[in-house]
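Under full-length UniProt numbering, read the sequence shown as residues 1 to 473, first letter to last.
Even for Gly, the Cβ is constructed at its ideal location relative to N, Cα and C.
Below you'll find the structure, written out as structure tokens, and then a few comments.
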Amino acid sequence: MSSAISPLSTPESDSMKKTLTSLLCAAVSLTLLSLACGEGNPPQVPQPLEDGGVLWTECSPEGAREDCSQGESCIFVASHDRHLCVRACDSQTACEHPDAVCCPSSGEGAEGGHCVPSNACVPTDAGVDGGSNEETDGGTQEEDAGVDPEPDAGTDPEPDAGVDPEPDAGTEPDAGTDAGTDAGTDAGTDAGTDAGTDAGTDAGTDGGTDAGHTPIRVMASNLSSGNYQSYDPGHGIRLIKGVHPDIVLMQEFNYGSNSASDIRSLVDQIAPGFHYSRETGAQIPNGIISRWPIIQFGQWPDPRVSNRDFAWARIDIPGPRDLWAVSVHLLTSSSSNRNAEAQSIVNEVRSQIPEDDYLVIGGDLNTDSFSESCFATFRQVVTTAGPHPADHNGNTGTNSNRNKPYDQILVDQDLRQYQQATVIGSSTFPNGLVLDSRTYRPLSEIAPVQSGDSSSSNMQHMGVVKDFLVPNF
């Protein structure tokens, strides 16, 4: 976080004493800020463990009584992008745990403060920079007009430092900073595609044809596990790579310094040479990775949050019809917010996407159940009925506790008719796969995935996979 002092412009009638006093106050403020922030690496902010292992439990405002223990409240904690069970505290009430501090509240619904681990408490309004305005990867034919030519200058080049050194705390719920981009146009989206992609690389289903049809594997991926919701540690990269998707709907699309070269590196680790687009001006951006060329791209504004939008891409799959992919990350705060976001997406789809093309909307919906109103809203443009993807045990939950359907891949009826079973090695998932490394057997089928990847510290959700066999005519 930087602080700048605007040049003082005083009338000639003002005294020099006023000028010196103002400068002295600014210097004192900067000194106090330096003392408060300290030195060294940014604090590692742990994500909540479902079993309360980091002094709390994730909760739902509607089910706070069941989720939280006596004496705890369910409030939204912006630095963790979700509701947590926390104990209230103030200057007169200390936190019992030796590693917890009474942190001034940064979420809605709390007064005074709440007890959090000491390294998770950061100064108010310490949200990260509104995202990276990175250059597009050279050689692309995609538009990237209006992007700042400097790739996210000012970020720390070290891994896990792709955003401003303070975690997203003290900001509006799920907001961070004002996205500040030309949302809704295709001018501010990073089109990091690489013209001349080799469709024959071993990073997805066979890019060729089978009797006039093309197999397409789609994956929803909110699989970040690093500080500041990044893919830096590699758990999510292994999970994606292990199932060889052709199209990935990415959430929290952060890596390294978030420069164009770092994002290109992330994509190449998943599938060398694949195309990608990624929204700019976002703290936790959405994006799309594709085996096939992205011929148009952009982002639609999220009406309920400022630190991300809805990223979309028009993909030139084999055949006369294009596939439009929309990567979304709905709010955790309430089902009414999620329904409003869903309606906004439906409005954009109806106004911008040709009815004859294929459509997939997917990603992290943060939905508590399949009965939420946003599913009925999405039903205006895509199918939402089951059966739904599941793991080996038939479990359709995608949160870390595996009891809520957070993540989804929803397609229009034109594409739904071509859905196939997801087959990986000798394993078959009739309705698609919920990827959990803790339950998948044998792991050799999804190498290089490791058994602990899905339970790694800070891992967001489970991956979701669906397969389609689309005609080329």
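Check                                                                                                             : Outcome
Beta-carbon gap between residue 409 and residue 470 smaller than 7 Å                                              : no
Residue 222, buried or exposed, once every other Cβ within 10 Å from all chains shown has been counted against 16 : buried
Buried versus exposed, by CB contacts within 10 Å (16 or more), residue 423                                       : exposed
Neighbour-count burial assignment, residue 476, 16 or more Cβ in a 10 Å radius                                    : Any answer about residue 476 is impossible in this case: the structure gives the chain only from 1 up to 473.
Residue 271 burial status per 10 Å Cβ neighbour count (16 or more: buried)                                        : buried
Cβ-Cβ distance between residue 318 and residue 344 below 7 Å                                                      : no
Cβ neighbours of residue 432 in the same chain (closer than 6 Å, five flanking residues each side left out)       : 389, 422, 465, 466
Paired residues, beta bridge with residue 219 - DSSP                                                              : 248, 465
DSSP beta-bridge partners of residue 294                                                                          : 315
Rounded straight-line distance, which links the Cα of residue 326 to that of residue 360                          : 6 Å
The beta strand (DSSP E) enclosing residue 365, as first and last residue numbers                                 : Where residue 365 is concerned, there is no enclosing beta strand (DSSP E), given that its DSSP letter is neither H nor E.
Within 7 Å, strictly: CB atoms of residue 364 and residue 407                                                     : yes
Alpha-carbon spacing of residue 85 relative to residue 229, whole angstroms                                       : 21 Å
Helix, strand or coil at residue 253 [DSSP, three-state]                                                          : coil
Meets three-Cβ-pair contact criterion under 8 Å: the segment 291-307 and the segment 275-283                      : yes
Alpha carbon of residue 259 to alpha carbon of residue 115, nearest angstrom                                      : 35 Å
Residue 417 - DSSP class collapsed to helix/strand/coil                                                           : coil
Residue burial classification, residue 555 (beta-carbon count within 10 angstroms, cutoff 16)                     : Nothing about residue 555 can be reported from this structure: the residues present for the chain run from 1 to 473 only.
The alpha helix (DSSP H) enclosing residue 351, as first and last residue numbers                                 : 335-352
Straight-line gap, residue 418 to residue 102 (C-alpha atoms, nearest Å)                                          : 54 Å
Residue 86 (DSSP reduced to helix, strand or coil)                                                                : strand
Where residue 72 falls: helix, strand or coil (DSSP)                                                              : strand
Whole runs of the beta strand (DSSP E) within the segment 377-429, excluding any shorter than 3 residues          : 407-411, 422-424, 427-429
Proximity below 7 Å, CB of residue 265 to CB of residue 456                                                       : no
Between the CA atoms of residue 351 and residue 450 - distance to the nearest angstrom                            : 43 Å
Assumed close pair residue 286, residue 331 - CB separation to whole angstroms, cut-off 8 Å                       : That pair is no contact at about 13 Å.
Cα-Cα separation between residue 277 and residue 324, rounded to whole angstroms                                  : 13 Å
Reference residue 394, options 376, 316, 435, closest by Cα                                                       : 435
Residues bridged to residue 325 [DSSP beta-bridge criterion]                                                      : 313, 360
Where residue 58 falls: helix, strand or coil (DSSP)                                                              : strand
7 Å Cβ cutoff met for residue 384 and residue 375                                                                 : yes
Cα-Cα separation between residue 316 and residue 214, rounded to whole angstroms                                  : 12 Å
Residue from 87, 234, 75 whose Cα sits closest to the Cα of residue 453                                           : 234
Closest residue to residue 369 among 396, 379, 348 (Cα-Cα distance)                                               : 396
Status (buried if at least 16 other CB within 10 Å, exposed otherwise) for residue 48                             : For residue 48, the predicted structure reports a pLDDT of 46, less than 50, and the residue's modelled location is therefore unreliable. A value from the coordinates is still provided. It is buried - the Cβ of residue 48 has at least 16 other Cβ atoms within 10 Å.
Buried versus exposed call for residue 339 [16 or more other C-beta atoms within 10 Å across all chains shown]    : buried
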